[in-house]
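Each remark here refers to the structure printed beneath this line.
Numbering (the numbering used here), first residue to last: -3 to 305.
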């Protein structure tokens, strides 16, 4: 058994916050590749709804890989995976396929046969919507990644987990991520509307919420900020994709690094609760603005560990 595979022999699964924003998703993909991807993994499966960030995770894991569903190179034809030449010196080592997209043009059994053939020839295949093709493959991925509110990384064995188990988790949790991401952008939007002039901050994560991290404590009225966001939520304003760097909030345009990951209108969000004081991060001394969709019962217990009984 290769050394890298032995190192992960006891790995069941790892969980990360699913970051909001394309650059942070790509960075997480790079981290996953460094920590969990073996050079001997041939079948990589990804599970998650459209727009959840699967493609950005892949771009981080495999820089330079040509995605067949990429908006900037859409409809790559013929699909490279269907024409694997095992003898060609210049043929790719890694192939990408979006099963949901390709199933509109190619029969599922043909896609499954193409995946298995490529793997048998020593090629690596990265499969989006792996849960859809799994019943026809009848074999699990070497590395399986689910993207919902959190990113789940698992190395399945004969005993599971099966792709449907992962898809059930991430499909059920994605709603929370949509609400949190939109609430975070509304918070930024209201700050701009209030003319606070705060522009330099970093993003971080907390369960069911978000963190804006400042180098110095800004002059922000947190009560007024929370009220402003909740007023927009109550008005049920439409939220939509504008371009790759912006969303539309009603008639206004707002900059966003993950414009496809939002609820359709603000009324779908539970109320936003802001912690009414800035927290100081002990090591960096950065000032943290903490927001949660719903209520904050105990700020020290936000990242509680969720275990099955």
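Cβ atoms here follow ideal geometry from the backbone N, Cα and C, with glycine treated the same way.
Open item on the list: Nearer than 8 Å: is that true of the beta carbon of residue 56 relative to any heavy atom of the ligand FMN?
Closed with: No copy of the ligand FMN appears in this structure; indeed no ligand is present at all.
Open item on the list: When you compare the CB positions of residue 6 and residue 124, do they come within less than 9 Å of one another, or not?
Closed with: No.
TODO: Inspect the beta-carbon positions of residue 236 and residue 260 and report whether they are closer than 9 Å.
DONE: yes
Task: Where residue 283 falls: helix, strand or coil (DSSP) - done: strand
Task: C-alpha distance - residue 191 paired with residue 120, whole-angstrom precision - done: So the alpha carbons of these two residues sit roughly 51 Å apart.
Open item on the list: In the DSSP assignment, the alpha helix (DSSP H) including residue 274 goes from what residue to what residue?
Closed with: Unbroken run through residue 274: none, as it is neither H nor E.
- [ ] Measure how close the beta-carbons of residue 240 and residue 206 come, nearest whole angstrom, since I'm counting them as under 8 Å.
- [x] So it is not a contact: roughly 21 Å between Cβ atoms.
Open item on the list: Quick check on DSSP: helix, strand or coil for residue 303?
Closed with: Note on residue 303: pLDDT 49, under 50, position unreliable in the model; no value is reported.
Task: Completely contained alpha helix (DSSP H) runs for the stretch 108 to 187, where each covers 4 or more residues - done: 126 to 133
Open item on the list: Assuming contact is defined by CB atoms lying nearer than 9 Å, are residue 44 and residue 144 in contact in what I supplied?
Closed with: yes
TODO: Identify, in the order they occur along the chain, each residue of the same chain with its Cβ nearer than 6 Å to the Cβ of residue 8, setting aside the five sequence neighbours on each side.
DONE: none
TODO: For residue 15, count neighbouring Cβ atoms within 10 angstroms of its own Cβ and tell me buried if that reaches 16, exposed if not.
DONE: buried
- [ ] Taking 9 Å as the cut-off, decide whether the C-beta atoms of residue 98 and residue 75 are in contact.
- [x] Yes. Within cutoff.
Task: Beta bridge counterpart(s) of residue 12 as assigned by DSSP - done: In DSSP, residue 12 forms a bridge with 147.
Open item on the list: My assumption, with CB atoms under 8 Å, is that residue 140 sits in contact with residue 162. Please give the rounded CB distance.
Closed with: 6 Å
Task: Start and end residues, alpha helix (DSSP H) containing residue 45 - done: Segment: none, residue 45 is in no alpha helix (DSSP H) and carries neither H nor E.
Task: Proximity below 9 Å, CB of residue 270 to CB of residue 188 - done: Note that the C-beta distance between residue 270 and residue 188 is not below 9 Å.
Open item on the list: On the DSSP letters alone, give me the boundaries of the alpha helix (DSSP H) that residue 93 sits inside.
Closed with: Looking at the DSSP string, residue 93 is not in any alpha helix (DSSP H); the run it does join, the beta strand (DSSP E), is 90 to 94.
TODO: Count the other C-beta atoms from every protein chain shown that fall within 10 angstroms of the C-beta of residue 215, then say buried if there are 16 or more, exposed otherwise.
DONE: exposed
- [ ] Could you tell me if residue 258 is buried or exposed, where buried requires 16 or more neighbouring beta carbons within 10 angstroms of its beta carbon?
- [x] The residue is buried, with at least 16 neighbouring Cβ atoms inside 10 Å.
Open item on the list: When you compare the CB positions of residue 10 and residue 148, do they come within less than 9 Å of one another, or not?
Closed with: yes
TODO: Tell whether a beta-carbon distance below 9 Å holds between residue 306 and residue 91.
DONE: There is simply no residue 306 to check, as the chain begins at -3 and stops at 305 in what is shown.
TODO: Determine the contact status of residue 319 and residue 95, defining contact as a CB-CB distance below 9 Å.
DONE: Residue 319 falls outside the range modelled here, since the chain spans only -3 to 305, and no answer is possible.
Task: Through-space distance from residue 157 to residue 150, alpha-carbon basis - done: 8 Å
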